[in-house]
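Down below is the structure, laid out as structure tokens.
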Amino acid sequence: QRQMCIRDSVPRVEILAVIGDVDCDGLLANDTLRTRMGRLYDEMYSALKQPHREGIAMAPDNFRDVVFQWVASYGAHYPSSKQDFDAGARLEIESLNGYVVRLAESQGLPCPENKKVLEEVRSMIEARDAKAKQAVSAR
Numbered sequence: 093q094r095q096m097c098i099r100d101s102v103p104r105v106e107i108l109a110v111i112g113d114v115d116c117d118g119l120l121a122n123d124t125l126r127t128r129m130g131r132l133y134d135e136m137y138s139a140l141k142q143p144h145r146e147g148i149a150m151a152p153d154n155f156r157d158v159v160f161q162w163v164a165s166y167g168a169h170y171p172s173s174k175q176d177f178d179a180g181a182r183l184e185i186e187s188l189n190g191y192v193v194r195l196a197e198s199q200g201l202p203c204p205e206n207k208k209v210l211e212e213v214r215s216m217i218e219a220r221d222a223k224a225k226q227a228v229s230a231r
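Numbering (our numbering), first residue to last: 93 to 231.
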């Protein structure tokens with residue numbers, strides 16, 4: 093159960109690999125991305141704390157550190173969200189970060205970093221798909 097809780101948390105911060113065009117090592121090495129990861133995690137934790145209190149209760153006190161260590165354990169691996177983005181596949185951003193935003197808003201909690209990530213990734217997907225469509229039309 094604890095491992096599942098960690099695994100469910102990691103994709104919410106790993107989406108920054110798409111924005112930063114980096115692997116997991118790059119996420120942690122880049123101060124800006126690492127700071128943003130912390131904000132995403134903090135917003136996620138705040139939004140989930142009450143509605144998912146039973147799951148949150150299973151998390152260790154240093155859960156934020158555990159999530160970052162989990163990301164570090166992937167090293168030079170590109171997260172699935174980055175691989176999916178590069179392959180032109182659909183991302184789970186709405187069901188992951190979008191869920192955090194909706195949950196935060198329903199509780200009157202601020203969630204600016206997750207909102208910003210959603211906007212950035214949506215824009216990147218739109219540009220990626222438009223470019224792919226242009227390439228097909230040019231044939």
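Note that CB positions come from ideal geometry on N, CA and C, so glycine has one too.
8 Å or more divides the Cβ of K174 from the Cβ of V228. Following the DSSP letters along the chain, one finds Y133 inside the alpha helix (DSSP H) bounded by residues D123 to K141.
DSSP places I185 in no alpha helix (DSSP H); its state is neither H nor E. Taking a 10 Å sphere around the C-beta of A181, we find fewer than 16 other C-beta atoms and assign the residue as exposed. If you look at D178, you'll find it in the alpha helix (DSSP H) that goes S172 to D178. Only buried fits P171, as 16 or more other CB atoms lie within 10 angstroms of its CB.
Proximity to A179 across K208, T127, D221 and D115 peaks at D221, based on C-alpha coordinates.
Measuring C-alpha to C-alpha distances from K207 to each of P152, R131, C116 and D176 identifies R131 as the nearest.
The closest CA to that of T127, considering only E205, V192 and A139, is found on E205.
Distance from the CA of Q199 to the CA of L183, rounded to the nearest whole angstrom, comes to 26 Å. Counting the other Cβ atoms within 10 Å of the Cβ of R104 gives 16 or more, which makes it buried. Looking at the backbone, the Cα of L140 and that of V192 are separated by about 7 Å.
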